[in-house]
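So the sequence shown is numbered by my numbering: it starts at 100 and just counts up by one. For reference, the structure is listed below as C-alpha cells.
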Amino acid sequence: MSTHRTPTTTPSEETPLSSGRDGRSQNSPRLHSSNQKEYQALSFHQNSSESLPTTVADATTTAEDSSSRQQKRRGRILLFVVSFLYGTLNVSLRLVYAMDDPPSASALSTVRGWLAVICFIPFVMQKNSGASSGTESTQQHGLIANSTRQQRPLWMVSFELALLNFGAQALLNVSLLFIASARAAFLTETSVVMTPLISAIAGHSVRWTVWLACLAAMMGLVILSDNDDGLGNFSFGDFLVLGGALSWSLYLFRLSQCGAYNEVDMQALKTVFLACLYTLWFLISQWQSSVLLWTGYATLAAWLLLFYSALGPGAVADVIQQKAQASIAAPEANVILAMEPLFTSILGFVLLSEALTLTEVFGGGFLIAAAILATR
Numbered sequence: 100m101s102t103h104r105t106p107t108t109t110p111s112e113e114t115p116l117s118s119g120r121d122g123r124s125q126n127s128p129r130l131h132s133s134n135q136k137e138y139q140a141l142s143f144h145q146n147s148s149e150s151l152p153t154t155v156a157d158a159t160t161t162a163e164d165s166s167s168r169q170q171k172r173r174g175r176i177l178l179f180v181v182s183f184l185y186g187t188l189n190v191s192l193r194l195v196y197a198m199d200d201p202p203s204a205s206a207l208s209t210v211r212g213w214l215a216v217i218c219f220i221p222f223v224m225q226k227n228s229g230a231s232s233g234t235e236s237t238q239q240h241g242l243i244a245n246s247t248r249q250q251r252p253l254w255m256v257s258f259e260l261a262l263l264n265f266g267a268q269a270l271l272n273v274s275l276l277f278i279a280s281a282r283a284a285f286l287t288e289t290s291v292v293m294t295p296l297i298s299a300i301a302g303h304s305v306r307w308t309v310w311l312a313c314l315a316a317m318m319g320l321v322i323l324s325d326n327d328d329g330l331g332n333f334s335f336g337d338f339l340v341l342g343g344a345l346s347w348s349l350y351l352f353r354l355s356q357c358g359a360y361n362e363v364d365m366q367a368l369k370t371v372f373l374a375c376l377y378t379l380w381f382l383i384s385q386w387q388s389s390v391l392l393w394t395g396y397a398t399l400a401a402w403l404l405l406f407y408s409a410l411g412p413g414a415v416a417d418v419i420q421q422k423a424q425a426s427i428a429a430p431e432a433n434v435i436l437a438m439e440p441l442f443t444s445i446l447g448f449v450l451l452s453e454a455l456t457l458t459e460v461f462g463g464g465f466l467i468a469a470a471i472l473a474t475r
C-alpha cells in the first residue's frame, strides 16, 4: 500500500510572508532589492543572447547572398559556354558534309549516335560508383528499374523522348545538305516560341509577351523566306528545320514532365534508343541504295569532327547546362542560350566562309528577339 506524504515547508518557505497592518510584507524591502538585481541580470543576459544571434544571422545572410551571387555569375558563364558549344554543332556537321565523299544524313546520325553512347559511359560509371559508395540518393534507380511513384517505366519514357529527339536531330542533319548552318541555327530558334504554344494547347496559361514573340518570329520567317522569287521559294531545307524545331519543342515539353526520373539514367537510356533509331534509318537507307552511304569512312578528320559533335555539343553541354541551371532561372537561361545562332554565324563565317546576307541578318534578329520575348 502506498502512502502519501504531506509536503512540509520551512519557515523561510512559507507563503504568504507575514505582513503588517498595511498588508505589505515585512521582508519586502530586502526581497524587492534582490528581485531587482536578479531582473537586471536576467535582462542583461537576454539582451546579450538576443543581440549575438542577430549579428550571426546578419553575417550568415550576407555570406549566403555573396555565395548566391557567385553561383549565379558562374552559372551565367557556364550557360554562355553551353550556347557556344551548341553553336559549334551545325558548323562541325557542315564541315563533315564539305569533305570529299561525305556520309549521308543517316550514316552521319548513326555514327554520331553511337559515339554519344560512348561519351555517356563515364557519366554512368561515375553515378554507379557514387551509388556504391553511399553518396547517391536512395530515390535514384537503375536503368530499367521503375519507381512505385512513377506511372510509366523508365524505358518507355526514354523511348518516347528518343523518338522526339530523333525527329529533331534527323531533320536538322538532312536540312544541312540544303541550307547554310547559320540559317539553320536561326530557324531552329523558332522552337523557343513553339514550346509555349504547345503549353497553351495543353491548357497552360501563356503570357502576352509570348504571343508578341510569336508575331516577331513570324516576321522573321517572312524576312528569311523573302527573295527575288518571292515567298513561295521558302526552301525544302527550311521546312525541314522548322519540322525539327517542332519536334524539339515537343521533346522539351515532355522532358519537363519527367522530373521524377534520374537524369543520368534517362538520358543514357534515351541515347541508346536514339542510336538504335539512327541505325534503323541507316539500314533502311542502305538497303534502298546501290552504293555505300559513306564511301569516305576512312577519313580521320571526319571521325574527329563527329566525335567532337557527340562529346562537346552532346554529353558535355548537357552536363554543364544542368549544373548551370541549378542557380539560374529558366527564363534567364533561355535568353543566354538564344545566343547560339550568333556563335554559329561567327564560326560559319570563320571556318566555312559563309557570309550572312542582309535578309538573314534582319530575319535572324527578329527570331532572336522572339526568343528573348518568349522568356520574359
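For each residue, glycine too, the CB sits at the ideal point set by N, CA and C.
Alpha carbon of residue i to alpha carbon of residue j, nearest angstrom
i	j	result
Ala284	Met317	16 angstroms
Leu192	Ser384	19 angstroms
Val180	Gly411	10 angstroms
Cys48	Asn227	Only positions 100 to 475 of the chain appear in the structure, and residue 48 is not among them; the question remains open.
Ser166	Ser426	11 angstroms
Lys369	Met255	10 angstroms
Arg175	Trp380	38 angstroms
Glu459	Leu276	18 angstroms
Val216	Leu376	13 angstroms
Cys357	Leu260	10 angstroms
Leu194	Leu404	8 angstroms
Minimum C-alpha distance to residue i - residue among the options
i	options	result
Ala409	Thr443, Ser182, Ile445, Val210	Val210
Ile435	Gly174, Leu178, Ile419, Asp164	Leu178
Glu253	Tyr360, Val418, Ala423	One detail in the question is off: residue 253 reads as Leu in this sequence, not Glu. Out of Tyr360, Val418, Ala423, Tyr360 has the C-alpha closest to the C-alpha of Leu253.
Thr378	Gln169, Ser355, Leu207	Leu207
Val363	Ile419, Ser334, Val309	Ile419
Ala301	Gly464, Ser348, Val321, Gln170	Ser348
Secondary structure of residue i, DSSP reduced to three states
i	result
Glu288	coil
Asn361	coil
Arg228	Arg is not the amino acid found at residue 228; the sequence shown has Ser there. Looking at Ser228 - three-state DSSP - the assignment turns out to be helix.
Trp380	helix
Lys171	helix
Arg251	coil
Pro412	helix
Arg306	coil
Val460	helix
Phe143	Because Phe143 carries a pLDDT of 48, less than 50, the predicted location of this residue cannot be relied on, and the following value inherits that uncertainty. Three-state DSSP puts Phe143 in a helix.
Tyr350	helix
Nonlocal neighbours in the same chain, by C-beta distance under 6 angstroms from residue i, ignoring five residues either side
i	result
Leu151	Note that Leu151 scores 48 on pLDDT, short of 50, meaning its location in the model is unreliable; the coordinates nonetheless yield the value given after this. If we look at Leu151 and ignore the five residues flanking it on each side, it has no Cβ neighbours.
Tyr213	It should be pointed out that residue 213 corresponds to Trp in this sequence rather than to Tyr. Only Ala374 meet the Cβ criterion.
Val292	Ala312, Cys313, Ala316, Ala469, Ala473
Ala219	First, the residue type needs correcting, since residue 219 is Phe and not Ala in the sequence shown. Same-chain partners within the cutoff: Ala367, Thr370, Ala414.
Residues of its chain near residue i, where Cβ-Cβ distance is below 7 angstroms and the 5 sequence neighbours each way are ignored
i	result
Val305	Pro295, Ser298, Ala299
Pro201	Val195, Gly395
Asp352	Here residue 352 turns out to be Phe, not Asp, going by the sequence shown. Thr294, Ile297, Ser298.
8 angstroms CB neighbourhood of residue i in its chain, flanking five on each side removed
i	result
Met198	Gly395, Thr398, Ala400, Ala401
Contact with chain B by residue i, beta-carbon distance below 8 angstroms
i	result
Asp337	In summary, chain B is missing from the structure at hand, where a single protein chain is found.
Sufficient close CB pairs (3 or more, under 8 angstroms) joining the stretch 261-274 to the stretch 332-344: Counting Cβ pairs under 8 angstroms, three or more are found: they touch.
- prompt: With contact counted as at least three CB pairs below 8 angstroms, one residue from each stretch, are the stretch 218-225 and the stretch 436-448 in contact?
  reply: Pairwise C-beta distances place the stretch 218-225 out of contact with the stretch 436-448, as fewer than three of them are shorter than 8 angstroms.
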